[in-house]
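Structure, as structure tokens:
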Amino acid sequence: MSASRPNALTTPATLSTCRPDTMDWVPWAMPGAQFKLLHADATTGSFTLLIRFEAGAEAPVHRHVGAVEGYMLEGGFFYKDDPDTRFDAGSYLYENEGAVHQPVSPHGGVMFAVFHGPVEGLDEEGNVIGRIHWKWHVKKWNEAGNAYTPDGLAE
Numbered sequence: 001m002s003a004s005r006p007n008a009l010t011t012p013a014t015l016s017t018c019r020p021d022t023m024d025w026v027p028w029a030m031p032g033a034q035f036k037l038l039h040a041d042a043t044t045g046s047f048t049l050l051i052r053f054e055a056g057a058e059a060p061v062h063r064h065v066g067a068v069e070g071y072m073l074e075g076g077f078f079y080k081d082d083p084d085t086r087f088d089a090g091s092y093l094y095e096n097e098g099a100v101h102q103p104v105s106p107h108g109g110v111m112f113a114v115f116h117g118p119v120e121g122l123d124e125e126g127n128v129i130g131r132i133h134w135k136w137h138v139k140k141w142n143e144a145g146n147a148y149t150p151d152g153l154a155e
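Under UniProt numbering, the sequence shown has 124 at position 124, and the numbering climbs by one with no breaks.
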């Protein structure tokens, strides 16, 4: 690439890459789901995952502290309070910051998801009972035998 193109990727320091097809699935916070950590950024708090849902998986009620973008690669899900709206393979969704819902995946699926902040588990009264964020994902990922250092941290 030409040095005269300031936005061109010219060095490995400007690129993060991985091979999800060679990674093992790690149990996720949601029962019946696993994840692969693709990227985490300590500076912004964002993290990118592949999430696999088993048939019959039902997430706890939760709130997104930051927005989430998702693209269904396989299978699908719906929100418990809106079973007629389905997100099947090929669907893109954007969940706004503050969204509260409960996804259900009757037949399972795989989603590519970018989280722009933490996710909070809620009890029946709406109280926070747990929180997962980029640090939680990096910790679980590395406990499973990986050695990932997020962007924004010294290696």
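For glycine and all other residues, C-beta sits at the position ideal for the given N, C-alpha and C.
Helix, strand or coil for Asp21 per DSSP? helix
Pairwise C-alpha distance: Arg86 and Val100: 17 Å
Coil, strand or helix - Lys80 by DSSP: coil
Helix, strand or coil for His137, going by three-state DSSP, please let me know. helix
Secondary structure at Glu143, three-state DSSP: helix, strand or coil? helix
Span separating the alpha-carbon of Gly126 from that of Ala13: 43 Å
Measuring alpha carbon to alpha carbon, tell me which residue in Trp136, Ala42, Phe115, Val138 is nearest Arg63. Phe115
Quick one: what's got a C-beta closer than 6 Å to Pro118's C-beta in the same chain, skipping five residues either side? Val65, Arg131, His133
When the distance is taken between beta carbons, is Ala33 closer than 8 Å to Phe53? yes
Residues bridged to Pro27 [DSSP beta-bridge criterion]: Gln34
Beta-carbon separation (whole angstroms), His137 vs Ala40, contact threshold 8 Å: 6 Å
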